[in-house]
């Protein structure tokens with residue numbers, strides 16, 4: 028079918044999961060890197076007003092990406108099952124139905140985004156002095172939605188087939204173009220924030236073209252053919268049934284994080300700066316965990332399709348062991364060199380001290396996130412995305428916001444706020460474990476292609 032695809036239903040589990048997760052981690056780090064370069068170009072060459080303009084619509088962008096990431100979960104579940112079951116015709120139908128949905132949703136979201144961008148920015152209380160620049164940036168960004176949607180959904184299909192390497196390489200190519208585009212449009216042509224948006228659109232378009240080319244190169248009947256793109260009602264219902272709960276989960280968590288951020292903002296400038304540095308450093312711990320979670324989801328979907336429930340359970344245990352080992356090493360390293368690492372982000376001594384206090388409370392317990400991520404990925408991979416959504420939203424949103432209010436009343440400082448993170452990681456992990464142990468995730472698995 029494709030020399031990059033991997034059958035995860037056979038062979039040594041630990042080796043498969045580890046080497047499947049590595050490109051996922053690489054892709055995430057590449058994205059973090061060129062996002063950082065984006066901010067450097069805008070901040071250094073265009074000034075703080077331009078930085079504010081780019082950041083003004085970040086919540087809207089995150090919510091849109093969250094929706095399509097969730098939709099990609101549904102696509103990935105169906106594609107992985109079809110691949111593992113050897114149902115090439117059904118895999119081909121999934122590829123072409125996904126292409127149809129990408130066309131419809133990208134056109135719809137682009138029209139809504141371009142027309143209503145000023146309205147959305149007003150809802151987000153965008154300052155008047157950056158409104159014009161923010162509108163320009165966001166409208167150009169919206170014009171690239173087809174590329175963004177195509178890359179995310181297309182790479183989701185490739186990963187579902189066991190190919191995590193190609194999407195990483197395509198993202199690397201897009202990242203290099205993004206940096207070159209920033210230099211060309213911002214420094215060379217002096218396009219301002221429009222240049223930053225154009226660089227992003229160009230980079231995503233290149234990545235999308237490469238993904239589409241890979242899908243088109245698959246052997247028939249799986250290969251993408253324009254003439255065969257269509258919407259299959261049943262497949263669409265299944266994709267939505269699996270994907271919408273994951274999309275809602277992503278969007279609601281983003282909104283709940285805003286509420287937490289508002290609580291942090293009330294603690295003063297030093298506290299805001301300390302948490303900002305904490306969240307940036309946190310990515311070095313979180314991204315490997317996310318990679319193992321994505322690997323667990325694909326591994327589960329393929330093995331559910333092949334009817335190997337026992338292999339799924341072994342895979343979950345091995346992935347937790349691998350993820351915990353990596354997490355303890357990285358978090359331990361950061362804690363040991365904590366003052367130096369925080370100083371690299373914020374040189375202020377008081378901010379560094381506050382950052383180290385936050386890290387001392389949260390990072391030792393970050394291994395709990397491994398259990399949370401792997402169990403939720405197994406549950407999602409089995410098609411129980413609604414259950415995963417309910418458990419995560421109940422703990423990471425509702426409980427976290429309630430604890431925030433309590434801690435801001437009892438102890439209104441960075442340590443009080445920091446406590447809510449390990450507590451909610453622990454409660455979520457416990458709920459996921461109990462549902463997993465109960466065994467309901469492997470019973471009444473939602474039918475695919477039936």
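Residue numbers (our numbering): 28 to 477. The beta-carbon is built from N, C-alpha and C at its ideal position, and this holds for glycine as well.
Three-state secondary structure assigned by DSSP to residue 247: It is coil, neither helix nor strand.
CB contact check: residue 291 to chain C, cutoff 8 Å: Within the model displayed, chain C is absent; a lone protein chain is all it includes.
Unbroken stretches of the alpha helix (DSSP H), 4 residues or longer, contained in the stretch 82-138: 85-112
Length-filtered (4 minimum) alpha helix (DSSP H) runs lying within the stretch 129-196: 155-170 and 172-187
Of the listed residues 213, 117 and 227, nearest to residue 249 (C-alpha basis): Of the listed residues, the one whose Cα sits closest to residue 249 is 117.
CA-to-CA distance, residue 277 to residue 130, given in whole angstroms: 22 Å
Residues near residue 126 in its chain [Cβ-Cβ closer than 7 Å; skip 5 each side]: 251 and 256
Cα-Cα separation between residue 120 and residue 240, rounded to whole angstroms: 17 Å
Contact under 8 Å by Cβ, residue 224 with residue 168: yes
Inter-residue Cα distance where the pair is residue 78 and residue 219: 11 Å
Minimum C-alpha distance to residue 187 - residue among 34, 435 and 439: 34
Status (buried if at least 16 other CB within 10 Å, exposed otherwise) for residue 458: Counting the other Cβ atoms within 10 Å of the Cβ of residue 458 gives 16 or more, which makes it buried.
Spatial distance of residue 242 from residue 433 (CA atoms): 51 Å
Selected residue, minimal CA-CA separation from residue 95, among 115, 270, 190 and 261: 270
Reference residue 110, options 81, 325 and 238, closest by Cα: 325
Nearest candidate by alpha-carbon position, reference residue 52, set 115, 146 and 192: 192
6 Å Cβ shell around residue 97 - same chain, five flanking residues per side excluded: 270, 273, 274 and 277
Backbone secondary structure at residue 333 - three-state DSSP: Coil.
Minimum C-alpha distance to residue 403 - residue among 194, 390, 365 and 346: 346
DSSP state of residue 207 mapped onto helix, strand, coil: Judged by DSSP in its simplified three-state form, residue 207 adopts helix.
Neighbourhood of residue 455 by C-beta distance below 7 Å, restricted to the same chain and skipping five residues each side: 399, 418, 419, 422 and 423
Beta-carbon proximity list for residue 319, same chain, < 6 Å, skipping 5 on both sides: 48, 346 and 350
Nonlocal neighbours in the same chain, by C-beta distance under 7 Å from residue 204, ignoring five residues either side: The residues are 229, 230 and 233.
Cβ neighbours of residue 198 in the same chain (closer than 7 Å, five flanking residues each side left out): Contacts found: 54, 57, 58 and 234.
DSSP three-state assignment for residue 36, whether helix, strand or coil: Collapsing the DSSP output to three states places residue 36 in coil.
Contact check, residue 44 vs residue 322, beta carbons under 8 Å: yes
Buried/exposed call for residue 452, threshold 16 Cβ in 10 Å: buried
Nearest neighbour of residue 67, chosen from 142, 209, 334 and 107 [CA to CA]: 209
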